[in-house]
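Report on one structure; see the data block that follows.
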Ligand code: OXD
Ligand code: MN
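Residue numbers (this note's numbering): 243 to 832.
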């Protein structure tokens with residue numbers, strides 16, 4: 243029988259609310275023991291040793307990958323399950339057409355039956371965590387209960403977890419309750435439920451990151467987006483990057499892209515040699531919490547403390563810093579192995595796979611060696627470009643917001659919204675080809691407003707209104723942009739080299755913010771003319787550049803007609819101001 247938490251580890255600041263909740267979960271799930279996470283290095287080492295002994299983790303070649311481990315998930319548990327992810331609000335309209343909805347009472351009853359006795363013979367881990375710098379007034383806390391030591395190891399990297407978070411919870415009074423069990427990893431008994439009105443999450447049947455590390459998508463986006471609306475800020479699926487120009491001035495951008503569209507690479511951008519004097523600093527690679535500041539600007543913190551990034555494609559050419567970062571103290575999930583026990587993935591230019599991600603002898607006929615959604619979990623502090631301001635309690639000021647999708651055609655390389663309201667329409671119009679980050683068909687274009695389709699914890703109609711309200715509050719709002727690094731020619735070849743070269747586009751944006759760069763107005767917003775971009779040393783032909791900066795009115799009329807149809811689904815919750823922006827764009831295209 244489980245021991246009382248305080249007897250196991252005396253935690254002086256144990257909040258009564260946390261203790262009561264842990265006790266009620268203990269009664270329901272019947273664990274063999276309870277472990278309260280302290281968040282120390284010794285604890286992480288002990289858990290690692292335990293997983294190594296049990297064969298769940300494998301140590302990687304210590305000469306080339308010191309402190310690195312491989313974890314192989316169940317083959318049917320490799321991505322987020324959007325079709326099993328629910329928002330459970332009292333009124334279905336509050337969840338909106340953008341979410342799967344279940345009545346909260348029905349959902350609790352269903353989950354109670356799944357959780358009943360599910361931890362028999364297992365350890366129940368209590369992870370108090372803080373999303374955001376522990377001393378930041380913009381940070382928010384949660385407690386995850388899980389029966390997976392792998393989840394604990396990830397949470398210790400991805401959040402500020404342990405005693406300090408528990409102390410902050412005792413002080414703050416409230417926290418997000420996240421209950422997780424891997425159950426039997428049965429895809430038929432898998433649900434990720436969110437109760438925004440109760441600040442609660444219940445996740446059963448999956449050990450995969452986005453389904454199981456509850457601080458990340460479940461808390462920092464779905465629940466936090468709800469909390470943010472109540473409290474007057476924004477929780478967004480955005481990286482935060484600081485760019486220092488050759489004059490030594492640093493400006494910050496927050497950029498929203500759908501999953502597996504290069505957020506980590508953009509956040510860790512390496513300026514090309516042909517743009518000397520530029521430097522990039524990472525604040526965050528996946529999530530931004532944006533708060534209107536007293537100075538009328540928008541200020542951002544990264545609620546996370548680590549990166550849970552897509553491995554395939556990472557190499558010294560595409561992202562030198564990421565490649566260096568994941569060579570030490572990194573937890574790999576579902577990568578392949580070489581004969582000398584090094585991790586291997588598609589896109590690596592050296593080595594070759596002996597075993598695939600399932601531990602079978604590699605056979606190209608069975609698909610890629612590493613799973614396309616294989617991941618690294620690593621502390622942000624391992625990033626050589628980690629911003630010295632990433633842990634500032636007040637966050638960093640944002641000069642520009644960027645929305646981007648993966649589109650073969652239609653969307654030009656970059657355009658600037660006319661103003662905040664138009665920018666909200668630009669964000670709402672985001673569409674992208676699906677990737678391996680979620681279960682389902684890859685490569686089909688779907689609407690993904692603000693890159694939040696899988697993550698907004700309430701009705702998009704209300705969410706866009708909230709965006710409009712925040713903009714109205716900002717005396718010095720950031721400018722808003724749309725980018726598309728993924729335009730292709732008639733033969734399917736990418737027109738833009740991407741990666742470090744994206745800096746040319748970001749530099750143009752920052753020059754626009756400073757009133758220094760030219761642009762020409764199109765029906766969809768302001769575009770740079772080729773001469774407005776710094777193209778010194780860029781290996782892109784004049785025809786390709788012209789194509790990248792073209793707005794095809796015919797294609798756009800079709801795009802905007804589809805957008806009108808999509809927005810119409812939100813009925814009376816759709817803000818009138820957004821419809822007015824849409825009508826204005828239609829007129830310009832007519
Ligand atoms: C992620 C995702 O893992 O968006 O960041 O799926
Ligand atoms: Mn993401």
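Ideal placement from N, C-alpha and C gives every residue a C-beta, glycine not left out.
Note that the coordinates shown come from a computational prediction; the quantities given were computed from them, not determined experimentally.
Indicate whether residue 302 and residue 396 have their beta-carbon atoms separated by less than 8 Å. Taking the first residue of the chain shown as position 1, residue 302 is located at position 60. Taking the first residue of the chain shown as position 1, residue 396 is located at position 154. No, the pair does not count as a contact, with Cβ atoms beyond the cut-off.
Is it the case that the CB of residue 838 approaches a heavy atom of the ligand OXD more closely than 7 Å? Because residue 838 is not part of the residues shown, which for the chain are 243 to 832, the question remains open.
For residue 652 and residue 493, I'd like the C-alpha separation in whole angstroms. Taking the chain shown and counting its residues from 1, one reaches residue 652 at position 410. Taking the chain shown and counting its residues from 1, one reaches residue 493 at position 251. Cα-Cα distance, rounded: 29 Å.
Using the rule of at least 16 other Cβ atoms within 10 Å of the residue's Cβ for burial, across every protein chain shown, is residue 546 buried or exposed? Here the question's residue 546 lines up with position 304 in the chain shown. The residue in question, residue 546, is buried, as its Cβ has 16 or more Cβ neighbours within 10 Å.
Does DSSP put residue 326 in a helix, a strand or coil? Taking the chain shown and counting its residues from 1, one reaches residue 326 at position 84. The answer is helix: DSSP assigns residue 326 an H, G or I state.
Is residue 679 close to the ligand OXD? I mean its beta-carbon at under 7 Å from any heavy atom of the ligand. Position 437 of the chain shown holds residue 679. Under cutoff, so the answer is yes.
Classify residue 861 as helix, strand or coil using the three-state DSSP reduction. The first residue shown for the chain is 243 and the last is 832, placing residue 861 beyond what the model contains.
Excluding sequence positions up to five away, which residues of its chain have a Cβ less than 7 Å from the Cβ of residue 235? Absent from the structure is residue 235, since the part of the chain shown begins at 243 and ends at 832.
Any contact between the region 506-524 and the region 480-496? By contact I mean 3 or more CB pairs, one from each, below 8 Å. yes
If we ignore side chains and look at the alpha-carbon of each, how far apart do residue 405 and residue 682 end up? Here residue 405 refers to the residue found at position 163 of the chain shown. Here residue 682 refers to the residue found at position 440 of the chain shown. Their backbone Cα atoms lie some 39 Å apart in a straight line.
Go to residue 486, then tell me how far its beta strand (DSSP E) extends in each direction, as first and last residue. Counting from one through the chain shown, the residue named residue 486 turns up at place 244. First-last of the beta strand (DSSP E) with residue 486: 480-486.
From 428, 403, 787, 480, pick the residue whose C-alpha is nearest to that of residue 387; which is it? For the purposes of this step, residue 387 is taken as the residue at position 145 of the chain shown. Taking only the C-alpha atoms, the option nearest residue 387 is 403.
Residue 736 to residue 503, Cα distance in whole Å? For the purposes of this step, residue 736 is taken as the residue at position 494 of the chain shown. For the purposes of this step, residue 503 is taken as the residue at position 261 of the chain shown. Going by the C-alpha atoms only, they are around 14 Å apart.
In the DSSP assignment, the alpha helix (DSSP H) including residue 433 goes from what residue to what residue? Residue mapping note: residue 433 aligns to position 191 of the chain shown, counting from 1. Premise fails: residue 433 lies in the beta strand (DSSP E), 433-437, not in any alpha helix (DSSP H).
Buried or exposed: residue 410, going by 16 or more other Cβ atoms within 10 Å of its Cβ? Looking up residue 410 in the chain shown gives position 168. With 16 or more Cβ atoms within 10 Å of its Cβ, residue 410 is classed as buried.
Can you check whether the CB of residue 579 is closer than 8 Å to the CB of residue 595? One-based indexing of the chain shown puts residue 595 at position 353. One-based indexing of the chain shown puts residue 579 at position 337. Their beta carbons are under 8 Å apart, which means residue 595 touches residue 579 by this criterion.
Three-state secondary structure assigned by DSSP to residue 524: Taking the chain shown and counting its residues from 1, the one referred to as residue 524 is at position 282. DSSP places residue 524 in strand when its eight states are reduced to three.
Kindly indicate the opening and closing residues of the beta strand (DSSP E) around residue 360. For the purposes of this step, residue 360 is taken as the residue at position 118 of the chain shown. First-last for residue 360: undefined, no H or E at that position.
DSSP on residue 492, reduced to helix/strand/coil? Within the chain shown, numbered from 1, the residue matching residue 492 stands at position 250. Three-state DSSP puts residue 492 in a strand.
Specify the secondary structure class of residue 553 as computed by DSSP and reduced to three states. The residue given as residue 553 occupies position 311 in the chain shown. It is coil, neither helix nor strand.
Does residue 325 pass the burial test, meaning 16 or more other C-beta atoms within 10 Å, or should it be called exposed? Taking the first residue of the chain shown as position 1, residue 325 is located at position 83. Under this definition residue 325 is an exposed residue.
Please report how far the alpha carbon of residue 391 lies from the alpha carbon of residue 312, in whole angstroms. Within the chain shown, residue 391 is the residue found at index 149, counting from 1. Within the chain shown, residue 312 is the residue found at index 70, counting from 1. Taking the straight line from one Cα to the other gives about 14 Å.
Does the ligand OXD have even one heavy atom less than 7 Å from the beta-carbon of residue 322? The count along the chain shown starts at 1 and reaches residue 322 at position 80. Within the cutoff, so yes.
Relative to the ligand OXD, is the shortest distance from any of its heavy atoms to the C-beta of residue 550 smaller than 7 Å? Taking the first residue of the chain shown as position 1, residue 550 is located at position 308. Yes, the beta carbon of residue 550 sits closer than 7 Å to at least one heavy atom of the ligand OXD.
Host alpha helix (DSSP H) of residue 266 (start-end): Looking up residue 266 in the chain shown gives position 24. 258-271 is the extent of the alpha helix (DSSP H) around residue 266.
Counting beta carbon pairs with one atom in the region 350-364 and one in the region 717-729, are three or more of them shorter than 8 Å? no
Below 8 Å, can you find three or more Cβ-Cβ pairs linking the region 456-471 to the region 589-603? In short, these stretches do not touch, since the Cβ pair count stays below three.
For residue 823 and residue 664, I'd like the C-alpha separation in whole angstroms. Locating residue 823 in the chain shown gives position 581, counting from the first residue. Locating residue 664 in the chain shown gives position 422, counting from the first residue. Taking the straight line joining both Cα atoms gives about 6 Å.
What's the C-alpha gap between residue 262 and residue 349? Counting from 1 along the chain shown, the entry for residue 262 is found at position 20. Counting from 1 along the chain shown, the entry for residue 349 is found at position 107. One C-alpha to the other measures close to 22 Å.
Between the C-alpha atoms of residue 790 and residue 729, what's the straight-line distance to the nearest angstrom? Indexing the chain shown from 1 puts residue 790 at position 548. Indexing the chain shown from 1 puts residue 729 at position 487. C-alpha separation (whole angstroms): 7 Å.
Collapsed DSSP secondary structure at residue 723 in the structure displayed: As a position in the chain shown, residue 723 is number 481, starting the count at 1. If DSSP states are grouped into helix, strand and coil, residue 723 belongs with the strands.
Taking only three categories from DSSP, how would you classify residue 676? In the chain shown, residue 676 corresponds to position 434, counting from 1. It is coil, neither helix nor strand.
Please determine whether the Cβ atom of residue 451 lies at a distance below 7 Å from any heavy atom of the ligand OXD. Here residue 451 corresponds to residue number 209 of the chain shown, with the count starting at 1. Relative to the ligand OXD, the nearest heavy atom lies less than 7 Å away from the CB of residue 451.
When the Cβ atoms of the region 434-441 are set against those of the region 272-288, are three or more pairs found closer than 8 Å? no
What I want to know is whether the C-beta of residue 528 ends up closer than 7 Å to one or more non-hydrogen atoms of the ligand OXD. Along the chain shown, one-based indexing puts residue 528 at 286. Yes; taking the cut-off as 7 Å, the Cβ of residue 528 has a heavy atom of the ligand OXD nearer than that.
Suppose you measure from the CA of residue 383 to the CA of residue 648; what does that come to, to the nearest Å? Residue mapping note: residue 383 aligns to position 141 of the chain shown, counting from 1. Residue mapping note: residue 648 aligns to position 406 of the chain shown, counting from 1. Rounded to the nearest angstrom, the two C-alpha atoms are 33 Å apart.
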